[in-house]
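For the sequence shown, position 232 (counting from the first letter as 1) is numbered 964 according to my numbering, and the numbering increases by one without interruption. Using N, Cα and C, we set each Cβ at its ideal position, and we do this for glycine too. None of the values given here were measured: they were computed from a predicted structure.
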Amino acid sequence: MVVLKAAGLAKTYRIGFWRKKVVALRDATFDVRPNEVFGLIGPNGAGKTTTIKILTGLVTADAGEGSLLGRPLGTVGARHALGYLPEQPYFYEHLTAEELLDYYGALYGMDRPTRQRRAAELIEQVGLGHASDRPIRKFSKGMMQRAGLAQALIHDPELVILDEPKTGLDPIGRAQVDAIIRDLKAQGKAVFFASHILSDVEKVCDRVGIMVRGKVRDVGPLDKLLNAKVLEVEVLVEGLDEARRPEIEALGVTWERRGEEQVLLRAEAAPPAREALALAVRAGAAVRGYEERREHLEDLFLRMAKGQGDDA
């Protein structure tokens, strides 16, 4: 079963007096499955927000098709089971957090006791308990984001779509969002969120889609997309004589003096680093550190972004 599906979505805007064409999307193809956290990553302007607006029915695609919870994009039935947090939420500023959530709960047809109970739970969950009766116009950017997250969850949706959900949040707020996303998955729900902060995606996502210049270039589990090979090895040794330097460098390992006693050896692969390590130990040096760096999400994104000119 697929909770959300996008197939070849494309969108071109015309802007300015001369109606200049701006291609926002050229091929957005991916799906989101039940009980899954899916992250769409890409730089600002890659097309993430346009993709979300099409998925939520706020914008119509020029080409391609999709479905949300088995229903065509934009239908009322699909929206009813969807929770959505836009990148820059805007609410009636005279309302308090309690009144805001009561208002959105009523829009979804929830009875008053249910929406009051749900609002109280969510206000505590997103960390707004201290300001539940404060007008939204007095909220900081981070507090507004927390309120937006609560309204996205008020009706207990099956699918939650979040556009840059951690914008303006402090470290505590960011950790709370991570916890909420994990809790939603534990409840069997699907979460789709877009972000340009790679570490946010790496922490909670089961699968990711990488978007560059309006095109989703690759989709899959992180452990499948990431290159398993060692990118760099660093070995910190102490007491290694300078006379060993030519022999070490002949292995393709760089030599960097750290203070009076320590030397940092660096190689682009494990075999030469380990050979240099063995040589250092035989020479009487003490090993103070050994680290193999493998590909992270940032490395993967940069690797894919290098080929973005192919799509121009």
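{"Query": "Could you say which of 946, 951 and 733 lies nearest to residue 938 if we only look at CA atoms?", "Result": "951"}
{"Query": "Under a CB-based cut-off of 8 Å, is residue 899 close to chain D?", "Result": "In the structure shown, chain D cannot be found, because there is only a single protein chain."}
{"Query": "Taking all protein chains shown into account, do 16 or more other C-beta atoms lie within 10 angstroms of the C-beta of residue 744, making it buried, or fewer, making it exposed?", "Result": "exposed"}
{"Query": "Considering residue 986, what are the terminal residues of the beta strand (DSSP E) in which it resides?", "Result": "986–990"}
{"Query": "Roughly how many whole angstroms lie between the Cα atoms of residue 979 and residue 898?", "Result": "50 Å"}
{"Query": "What does DSSP give as the partner residues of residue 744 in its beta bridges?", "Result": "755"}
{"Query": "Note down, in chain order, each residue of its chain lying with its Cβ closer than 6 Å to the Cβ of residue 900, except the 5 sequence neighbours on either side.", "Result": "873, 874 and 877"}
{"Query": "Candidates 933, 844, 817 and 848: which alpha carbon is nearest residue 889's?", "Result": "817"}
{"Query": "Can you tell which of 765, 895 and 826 has the C-alpha that lies nearest to the C-alpha of residue 819?", "Result": "895"}
{"Query": "Please go through the same chain and pick out, in chain order, the residues whose beta-carbon is closer than 6 Å to the beta-carbon of residue 990, but skip the five residues on each side of it.", "Result": "996"}
{"Query": "Could you tell me the alpha carbon to alpha carbon distance between residue 855 and residue 883, rounded to whole angstroms?", "Result": "10 Å"}
{"Query": "Decide if residue 956 is buried, meaning its Cβ has at least 16 other Cβ atoms within 10 Å, or exposed.", "Result": "exposed"}
{"Query": "If you follow the beta strand (DSSP E) that residue 965 is in, where does it begin and where does it stop?", "Result": "962–970"}
{"Query": "Let me make sure I understand the geometry here. Which of 761, 774 and 920 has the alpha-carbon closest to that of residue 796?", "Result": "761"}
{"Query": "Just verifying my parser: in three-state terms, what is the DSSP assignment at residue 893?", "Result": "strand"}
{"Query": "Starting from residue 947, follow its DSSP beta bridges and name the residues at the other end.", "Result": "759 and 944"}
{"Query": "Grab me the residues of residue 1043's own chain with a C-beta within less than 6 Å of its C-beta, minus the 5 sequence neighbours each way, in chain order.", "Result": "At residue 1043 the pLDDT is 44, less than 50, meaning the model places this residue with poor confidence; the figure from the coordinates comes in the next sentence. So the qualifying residues of the chain are 945 and 947."}
{"Query": "Based on DSSP bridge pairs, tell me the residues matched to residue 922.", "Result": "891"}
{"Query": "Using the three-state DSSP reduction, which class does residue 824 fall into: helix, strand or coil?", "Result": "coil"}
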